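Participant:
Residue numbers (UniProt numbering): 1 to 365.
(1) Using 10 angstroms around the beta-carbon of residue 321, count the other beta-carbons present and answer buried if the total reaches 16, otherwise exposed.
(2) DSSP state of residue 91, grouped into three classes?
(3) Residues in its own chain within less than 6 Å of residue 95 by CB, not counting five upstream and five downstream?
(4) Since residue 212 is in the alpha helix (DSSP H), which residue starts that stretch and which ends it?
(5) Shortest alpha-carbon distance to residue 257 belongs to which of 236, 294 and 217?
(6) Nearest by alpha-carbon distance to residue 171: which of 159, 160 and 185 is it?
(7) Can you tell me whether residue 52 is helix, strand or coil according to DSSP?
(8) With three or more beta-carbon pairs closer than 8 Å as the criterion, would you say the region 109-119 touches the region 85-101?
(9) Can you tell me where the beta strand (DSSP E) with residue 190 in it begins and where it stops?
(10) May I ask you to report which of helix, strand or coil DSSP gives residue 267?
(11) Closest by CA to residue 169, which one among 206, 139 and 195?
(12) Report the three-state DSSP secondary structure of residue 359 (helix, strand or coil).
(13) Do residue 325 and residue 331 count as a contact pair if the criterion is CB distance below 8 Å?
(14) Would residue 29 be called buried (16 or more neighbouring beta carbons within 10 Å of its own) or exposed?
(15) Using the DSSP secondary-structure output, state which residues sit across from residue 279 in a beta bridge.
(16) Would you call the region 120-138 in contact with the region 9-28, where contact means no fewer than 3 C-beta pairs closer than 8 Å?
(17) Whose C-alpha, out of 334, 183 and 273, is nearest the C-alpha of residue 155?
(18) CA-CA distance, residue 70 and residue 79?
(19) According to DSSP, simplified to helix, strand and coil, what is residue 340?
(20) Just checking my contact of residue 297 with residue 308 at CB under 8 Å: how many whole Å lie between their CB atoms?
(21) In the DSSP assignment, find the beta strand (DSSP E) that holds residue 308 and state where it starts and stops.
(22) Going by DSSP in three states, residue 153 sits in which element: helix, strand or coil?
(23) 8 Å is my cut-off, CB to CB: does residue 199 come that close to chain D?
(24) Rank 181, 32 and 208 by C-alpha distance to the C-alpha of residue 41 and give the top, closest one.
(25) Thinking C-alpha only, which one of 213, 163, 198 and 148 is nearest residue 228?
(26) Along the chain, where does the beta strand (DSSP E) containing residue 140 start, and where does it finish?
(27) So, with DSSP's three-state summary, where would you put residue 331?
(28) Taking the alpha carbon of residue 389 as the point to measure from, which residue in 314, 323, 341 and 302 has its own alpha carbon closest?
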């Protein structure tokens, strides 16, 4: 079986697999073949020596002379008395090993080994692909559309596999045809017993927005700006909360870019989705106020995860937004349930004084 070592190297190079992992799968295949040829009741071991020779051993455990397992139809055990006849130095609990050969056992053994090798190497390839794409969850990939089914699910060829972009993960109004190049984020990876590895893509996930910003804004990619959180209503509007890790970088300005070039590039990929960028604050009242932009909030009251926002009537429509989109996104972004409270003219003056105090402490909101 010396040529098995050549097969191992060939498989590792051809499939791009770790040679040590291939060795372990080949050993397992040989052991399974030995069980088929020599019997299931034995234990086996495979050793690849320094000369790359592959050797198969059968192992028999040494037990007491009166061990009841010796009376069973199981040749995996040998009594200490019989073992001493073979090796006088052997002790209880040791194992006798016999070298076996799978050579010259005919076509059946060769076919069994071939099937075992094929099965175990295929499983190794699938495991490697599974781990590769699991580690890539949240990252952007792109590929060509190869099929669109009757339910408008889009199948995209990405490297060594075919991923699926379900209709529900597609931005409203988007349609793809065979040959289109589509960019999306890996949302989920799972193994199906019948269909193998499945990779689900998404263009509606907030992670897709974040990945696009990372690819478009060097400061985000380098870690100078951190995306604290994001929220989307796909194809319509999104909000992103940013943190600058250094005082000399303006997270809003850097992300928007000169004349909006960076944020506009991201918006274009999202079918014109409007993107609001705000600076995160660890102070909930300030963060919520920023998240409610473009509405001007006069005061914020926090009670657990509920925030009551006071504002003048002229700001209410801005706070709510079209079909409630602004307040929904602000709630999603901050994690607070937001309630609006209109204030009258008498309250407006005192509220503005409070807002001026916040501005003095924290800057323009």
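Just so it is clear, CB atoms sit at the ideal spot from N, CA and C, and this is done for glycine as well. Remember, it's a predicted structure, so these values are computed and weren't measured experimentally.
Facilitator: In brief:
(1) buried
(2) coil
(3) 59 and 61
(4) 206-216
(5) 217
(6) 185
(7) coil
(8) no
(9) 181-192
(10) helix
(11) 206
(12) Low per-residue confidence applies at residue 359: pLDDT is 44, beneath 50, and the placement is therefore not dependable, though the value from the model is reported in the following sentence. Here residue 359 sits in helix by DSSP.
(13) no
(14) buried
(15) 242
(16) yes
(17) 183
(18) 7 Å
(19) strand
(20) Not confirmed; about 11 Å, so no contact.
(21) 306-312
(22) coil
(23) Chain labels in this structure do not include chain D; a single protein chain is all it has.
(24) 32
(25) 213
(26) 140-148
(27) helix
(28) The chain is shown only over 1 to 365; residue 389 falls outside these bounds and no answer can be derived.
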